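S.K.: What follows is a structure written as C-alpha cells; I'll ask about it next.
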Amino acid sequence: MVPGLPSMAPHLLFKSGTTPSKYGAKPHTQTKPATQFRSPYHRRSSLYQLITSCRSTALLIPPTPSLPPPERVSQLPSLFAIDHSPSRTEKDTVIQRRREHFGEAGSMYQWRKFEFFEEKYAAKCVVPDGEEDDDLATKKITCCSSGRGKVVTGFDDGNVCLFDRGLKFNYAFKPHASSVLFLQQLKQRNFLVTIGEDEQLSPQQSPLCLKVFDLDKMQPESSSMTSPDCVGILRIFTNQFPEAQITSFLVLEEVPPILLIAIGLDNGSIYCIKGDIARERISRFKLQVESHSDKTLSSINGLGFRVDGRSLQLFAVTPSSVSLFSLHDQPPRRQTLDQIGCDGHSVAMSDRSELMIGRPEAVYFYEVDGRGPCWAFEGEKKLLGWFRGYLLCVIADQRTRKHTFNIYDLKNRLIAHSASVKEVSHMLYEWGNIILIMSDKSALCIGEKDMESKLDMLFKKNLYTVAINLVQTQQADAAATAEVLRKYGDHLYSKQDYDEAMAQYIHTIGHLEPSYVIQKFLDAQRIYNLTNYLEKLHEKGLASKDHTTLLLNCYTKLKDVEKLNLFIKSDDSVGELKFDVETAIRVCRAANYHEHAMYVAKKAGRHEWYLKILLEDLDRYEEALEYISSLEASQAGMTIKEYGKILIEHKPVETIEILIRLCTEDGDKRGDSNGLYVSMLPSPVDFLSIFIHHPQSLMEFLEKYTNKIKDSPAQVEIHNTLLELYIANELNFPSMSQVNGGGDYLNGASAKAVTLNAESNGTTAGKKGSKEEKDRLVRREKGLRLLKSAWPAEAEHPLYDVDLAIILCEMNAFKDGLLYLYEKMKLYKEVIACYMQAHDHEGLIACCKKLGDSVKGGDPTLWADLLKYFGELGEDCSKEVKEVLTYIERDDILPPIIVLQTLSRNPCLTLSVIKDYIARKLEQESKMIEEDRQAIEKYQEDTLAMRKEIQDLRTNARIFQLSKCTACTFTLDLPAVHFMCMHSFHLRCLGDNEKECPECAPEYRSVLEMKRNLEQNSKDQDRFFHQIKNSKDGFSVIAEYFGKGIISKTSNGSTSDLRAAASSSNSGF
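Reading the sequence shown from the start, the letters are residues 1 to 1069 in the UniProt record's numbering.
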C-alpha cells in the first residue's frame, strides 16, 4: 500500500462526463482521450504531476476520490514530499517507487489484446547477389525514409539504397563520400534530401553538407551505374552558424519549390533553412531552446512541424524540456510546454499535429497550449509512431532485454497488435503497411486486417461494444456501423435485455429496415420499447405512413394523452411536422381524438381535413365558416368547393356571404374598368356544384354577384346559369339529406321535379299552388329582362349562349323569350312559326307588318309564308287573306299566278276573296304590256336606222364638204384631216391625236368604258346574284344582263362565265 493514500480496490479511471460500465464507456459514445488535469500549481511536485497526468490513462491504478489539492501536497508523508524544483534523480526515484508498487497490479488489469494486424512478409534490406555494391551487406543502416512508393535507406559508407514494394532492391547510389547521417523522401515532389559527410577540403570547413536529389532525373556515373541528378548542395555550417553535432533532422514541404529544413543540434540550437535550394535562394535563421549547464540535457532529440492554416509551429524536444516555436512571428517566439523531455529519439507526430513523447512511465501528447493526455504504458520507449489513428510503440524490457512492438487503439483502449521483435532501428510507413527495420537489416512488414475480419473476431467473442467503437473510430461507412449495432441488438434481444437492445436498434435508424425491429417487438409484446423506437424514427424524419399509424395506435392503446400531445404539438417552433400528416389525422379521428386531429390539420395547413372534422364529425358549422373566412382567397375557395354542399345545406345565408366576399373582394372600390383585378379573383362558376341541391340559393348568390360585378370574365357562364334558373318551370330540387336518406328517391314518382322537364309545357303550372305560380312568373320576368339586358343593341353577340337560351326557352315553353331571341337573331321565319303554332292570326299579321317591311330592313318574303299558311289552313280566313294580299300587292312580292295557286289549296276560300286583287293585277299587267310593246317598236326603228347607216358607210363613198376647220373655224387648207363622222381639221390643229376625232372622242370613250365595265361585271358573279336576290323581279335583272350583252355567246360558242354560274346557281327569282 502506498503511504498517504487510502486503500481502495483498483478500477478504471474515466474522463469526466463518461459513465463506467461493464466494458467501459457506452458503446455508442465517442470516448475521446482524456485530457490532463490542469492546475496553476501542477508543477509544485513531481508526484502530483504524475498522479494528475494519469487520471485518465490506460494504467489501472487505485482511485483517489479525494485527491488533496495542490496546496496540500506538501502535507503528504515524507515518502512523497519532494522539492518544488525536482531534480532528475528525484523524478526517477518517484517513478521507480511507483513501478515497484503498481507492477503487480498493472499485470492484473491489462488492455484487451487483439490481432487486428498481421505480418505480411519479412525481408532483408540488402543488395541482392550479383550487384556491384555487394559490400553493402556488411555496412550499417544509419537512416531511413519512405514515400512515393519507395523505401530509402542510408548507410555509414555514404551509399543510399532504394527499395520498391516488397522491399525489392531497385538501385543504389553514393551521395556522400563517408556516411549518410540523415535523409528524407519528400512527398509532393520526387526529391530526396540527405545530410552526410563528404571529403573535408580544409580544416576550417565542415565535412557535413546537405544535398537535394531529383529521383526522376538519372545521370550515368559509370558504364554500369546511374545516379539521381543532384539539384542542390548546401553547406550546413558557416561562420554565422558554427558547427555542432546534428541530432535531428526534419523537412517541411511548403509551396513548391520552397522547403523548410530544421536541423537540431546537440547544443540546443536549431538551424533552419528556408527557400529554393536548387536555385540557392535561401534564408537561414537560428532557434535556441533554454540553455543548460549539462550539455546532454540540451540536445535536440526530436522535431515536429505543426501547420494550422497560415500558422506554422515547430516542436522541439530535449531531455529537459518541450518547446514550441511560432515561426509565423518575427522573430520566432518560443514557448516552453514542459520541463521534462525525453532521453532517446522516441518522438513522433500524430495525424492531428500533436507531439508524442515516449518516456519510460508513459506516452505524453502535447498541443500548442501545453501537455494534453498521457497514456501510462510501462517500459522504455525505443520508437514511437502513428499510423491510421493507432499509436505504435517499440518497448524495451530492461529486465529481459526483449523488444515488444505494440499497436494501441487509444480511442477504444485496446491493443490491436503485439509481437516480440528484434532490436528495431527504424520504423516506416509505406504501401499501407508498417515496416520495421531491425538493427541486423532485416525488415518486417505488418499490415492491418480488413474490417470484416476484425469484426468477425470480435463477434465470436461477443465483444460487440468493442466492435462498435472500432467501426466508429475507423470512420467506417454508416451502413457498416449500423450492421454492427444490429448484431449487438440481436445479441441483447436474445438475452431478453429488451431495453438495451432497443437502444442499439435506435442507432441503426436510417440504415436498418424499420420493419425488422418492429416485427421483433410486436412479437415480444414490448409496446413501450416499440413506442420509443417509433418516436425516434419520426424525430429523424424517416417514418412512413404505416409507422405513424402504428405509433399513434400505441399512444391510443396506452391511453397516453400526454405523449400524444407531445408528439402532436412538439414541433411548434420547428416548422414542418416529422410525420405523415394525413395518417396522423385519420388515426386520431378513428380514435375520437378530434381535437388532436384538428390541431395537426391546422398546423400542417390541411384545411380540407380541418373542415372535414368540424363538419362531418362535430357539426360545428359556424366555426367552420369562421375558419374559412380566415384563410387566403385561394385556400378558402378550395375548401368551399370541397365542403360547400354541407355548408349550404345548414348555413346557406352565411355561406353565400362568404362566397360574395371571396368573389368580389374590394369589388366596389376597384372600379369597373379594372378587369385584370377581377380575373384574379375566384369565379362564381367554380362554386356552382355546391348548389346542386339548392337552386334557390344559387340564384340568390349569382344575383348578388352580378349586382356587384358588371364585367366579370365569367359573365357568359353566369348568365347561362341564371337563365336556366329563371326559365325553369320548377326549382324544387331535393336536398342532400333527402337524396342520401330517401332511398330510391330518384326512381320515385317525384323524380320529374329533379330535372328541368320540358314536357310539362306549362301544364304543371296549373297543378301548383298560387305561390309557386307567382314565383315562376317573377322568375320569367327576370329571365326576359336578362335576355334583353345581356344583349345590348350595339353588341353583335350577347353575353350568354344564344343556342342554350333558345333550347331552354323551348324546353320550358317560354314564348316571350323565344320570340325575343329569334327576332334579335333575325330569324323572322321562326318568329312567325311561333305565331302559326299558336294560331295567333292577329299577332301573326302584326308580326309580318313589323318584320316584313323591306324599307326597315325586314324580310318581305314573310308575307309569302303567311299567304302559304292561310292557303293550307283549311278554314275560312277571308279577312286575313285580304289583308295579306294588300301588302303583297303593295310591295309586288308574288306574281298573281303564285297567289292563285297558293290560295287554291284552301277549300274554304271563295273567288270573291281575290276577285278585286286579280282585276287590279290584270289591268296593271295590260298597261305594262302596252308600254313594253311601244318601247320595242321604238328600239326596232332605231336599230333599222343604225343598220342602214352602217351599210352606207361600208358601201358608199363619203363626200366631205366642210370648208372650215372644226377646231379653229378658219378656212380649211392643206394639209387637212377628214374623219368619217364628217368633221374636218387642220393637221396642225390635231396635234398628236391624228387617229380620232377630237369632237367625237369623248362620247366614243364613254361607250368603250361602259363596254369594259360590262365585261368586268360579267366576271363579278357575286354582284349578279346579289342584284337578283334584292330585286323584286329576278327575271328583269337577267333580261337586263342579256340586253347589255353581259351574258352572250363567246367566240367558241359557249356561254360566258356569268351565264354558266347563273345556270348552276340554285337561287330563285
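Heads up, the beta-carbon is just placed ideally off N, CA and C, and yes, glycines get one too. Note that the coordinates shown come from a computational prediction; the quantities given were computed from them, not determined experimentally.
So, at 8 Å on beta carbons, what are the nonlocal neighbours of G743 in its own chain, with the 5 sequence-adjacent residues on each side left out?
M.R.: Per-residue confidence for G743 stands at a pLDDT of 39, beneath the threshold of 50, marking its modelled position as unreliable; no derived number is given.
S.K.: Which residue from T655, N565 and R620 puts its Cα closest to that of Y593?
M.R.: For the residues T655, N565 and R620, the minimum Cα distance to Y593 belongs to N565.
S.K.: Taking the continuous beta strand (DSSP E) assigned at G147, which residues delimit it?
M.R.: Its beta strand (DSSP E) spans residues I141 to G147.
S.K.: For the stretch 929-941 against the stretch 885-898, are there 3 or more C-beta pairs whose distance is under 8 Å?
M.R.: In short, these stretches do not touch, since the Cβ pair count stays below three.
S.K.: At 4 residues or longer, what runs of the alpha helix (DSSP H) sit wholly inside the UniProt repeat "CHCR" (505-656)?
M.R.: Counting whole runs of 4 or more residues, the UniProt repeat "CHCR" (505-656) contains the alpha helix (DSSP H) stretches 514-523, 527-539, 545-558, 561-569, 581-590, 594-603, 607-612, 621-630 and 633-650.
S.K.: Tell me which residues share the same chain as P332 and place their Cβ nearer than 7 Å to its Cβ, disregarding the 5 neighbours each side in the sequence.
M.R.: For P332, where only same-chain residues beyond five positions count, the Cβ hits under 7 Å are L287, F325 and S326.
S.K.: Roughly how many angstroms separate the alpha carbons of H986 and F1025, rounded to a whole number?
M.R.: Going from the Cα of H986 to the Cα of F1025 covers about 51 Å.
S.K.: For the structure I just gave you, are there three or more beta carbon pairs, one from the stretch 142-161 and one from the stretch 475-491, closer than 8 Å?
M.R.: At 8 Å Cβ cutoff, the stretches do not touch.
S.K.: Which of the three DSSP states, helix, strand or coil, is assigned to L76?
M.R.: Note that L76 has pLDDT 32, beneath the 50 cutoff, so the model's placement of it is unreliable and no number is given.
S.K.: Checking 7 Å against the spacing of the C-beta atoms, do G341 and S311 come in under that value?
M.R.: Taking 7 Å as the Cβ cut-off, G341 and S311 do not qualify as a contacting pair.
S.K.: Report yes or no: is there a C-beta of chain B within less than 7 Å of the C-beta of Y408?
M.R.: Protein chains in the displayed structure number just one, and chain B is not present.
S.K.: Hey, could you find the ends of the alpha helix (DSSP H) I258 is sitting in?
M.R.: Segment: none, I258 is in no alpha helix (DSSP H) and carries neither H nor E.
S.K.: Using 10 angstroms around the beta-carbon of residue 1080, count the other beta-carbons present and answer buried if the total reaches 16, otherwise exposed.
M.R.: Residue coverage of the chain in this structure runs from 1 to 1069, which leaves residue 1080 outside it and unanswerable.
S.K.: Please go through the same chain and pick out, in chain order, the residues whose beta-carbon is closer than 7 Å to the beta-carbon of K545, but skip the five residues on each side of it.
M.R.: Closer than 7 Å at the Cβ level, and outside the excluded window around K545, lie D580 and T583.
S.K.: I'd like the span of the beta strand (DSSP E) that includes R334, first residue to last.
M.R.: Here the beta strand (DSSP E) through R334 covers R333 to D338.
S.K.: When the Cα atoms are used, what is the spatial distance from E937 to K879?
M.R.: So the alpha carbons of these two residues sit roughly 44 Å apart.
S.K.: Is the beta carbon of G149 sitting closer than 7 Å to the one on H176?
M.R.: No, they are not a contact pair.
S.K.: So the alpha helix (DSSP H) Y838 belongs to, where does it begin and stop?
M.R.: In the sequence as displayed, the identity of residue 838 is Ala instead of Tyr. Y828 to A838 is the span of the alpha helix (DSSP H), which, as asked, contains A838.
S.K.: Mind reading off the beta-carbon distance from E547 to I568? Whole number of angstroms is fine, and I expect it under 8 Å.
M.R.: Residue 547 is actually His in this sequence, not Glu. That pair is no contact at about 15 Å.
S.K.: Which whole-angstrom value is the C-beta distance of G158 and V180, which I expect to be below 8 Å?
M.R.: Indeed, because the Cβ distance is near 6 Å, the residues count as touching under 8 Å.
S.K.: Near F387, what residues of its chain come up, given a Cβ to Cβ distance below 8 Å and the 5 sequence neighbours on each side ignored?
M.R.: So the list reads I407, Y429 and I434, once near-sequence residues are dropped.
S.K.: Locate the alpha helix (DSSP H) running through E883, then write down its first and last residues.
M.R.: Segment S878 to D891, the alpha helix (DSSP H) holding E883.
S.K.: Give the secondary structure of N190 by DSSP, where H, G and I count as helix, E and B as strand, and everything else as coil.
M.R.: If DSSP states are grouped into helix, strand and coil, N190 belongs with coil.
S.K.: Given that a residue counts as buried once 16 or more other Cβ atoms are within 10 Å of its Cβ, and exposed if not, what is Q940?
M.R.: Q940 comes out exposed.
S.K.: What residue from L723, I727 and S634 has the CA that sits closest to F687's CA?
M.R.: For the residues L723, I727 and S634, the minimum Cα distance to F687 belongs to S634.
S.K.: Assuming G275 and L303 form a contact by the criterion Cβ under 8 Å, report the distance between their Cβ atoms to the nearest whole angstrom.
M.R.: Contact flag wrong, Cβ pair sits at about 19 Å.
S.K.: From I806, D816, L787 and N729, pick the residue whose C-alpha is nearest to that of E773; which is it?
M.R.: Taking only the C-alpha atoms, the option nearest E773 is N729.
S.K.: In the structure shown, what three-state DSSP assignment does P65 receive?
M.R.: With a pLDDT of only 36 at P65, under the threshold of 50, the placement of this residue in the model should not be trusted; the figure read from the coordinates follows. It is coil, neither helix nor strand.
S.K.: Let's see if you can read the secondary structure: which residues bound the alpha helix (DSSP H) around S963?
M.R.: Segment: none, S963 is in no alpha helix (DSSP H) and carries neither H nor E.
S.K.: Secondary structure at T902, three-state DSSP: helix, strand or coil?
M.R.: Helix, per DSSP.
S.K.: The alpha helix (DSSP H) that contains N1013, what's its start and end?
M.R.: First-last of the alpha helix (DSSP H) with N1013: A1001 to N1017.
S.K.: Name the DSSP bridge partner or partners of M438?
M.R.: Its beta-bridge partners are V424.
S.K.: By alpha-carbon positions, which one of S350, G379 and D351 ends up nearest to R359?
M.R.: Of the candidates S350, G379 and D351, the one whose C-alpha sits nearest the C-alpha of R359 is G379.
S.K.: Enumerate in chain order the residues of its own chain whose CB-to-CB distance from A348 is below 6 Å, with the five nearest sequence positions on each side excluded.
M.R.: Answer for A348: M356, L384, G385 and W386, listed in chain order.
S.K.: Report all residues from its chain with a CB closer than 8 Å to the CB of L867; omit the five preceding and five following residues, and keep chain order.
M.R.: Answer for L867: V881, V884, L885, I888, L894, V899, T902 and L903, listed in chain order.
S.K.: If you follow the beta strand (DSSP E) that K217 is part of, which residue opens it and which one closes it?
M.R.: Element bounds for K217: L208 to P220.
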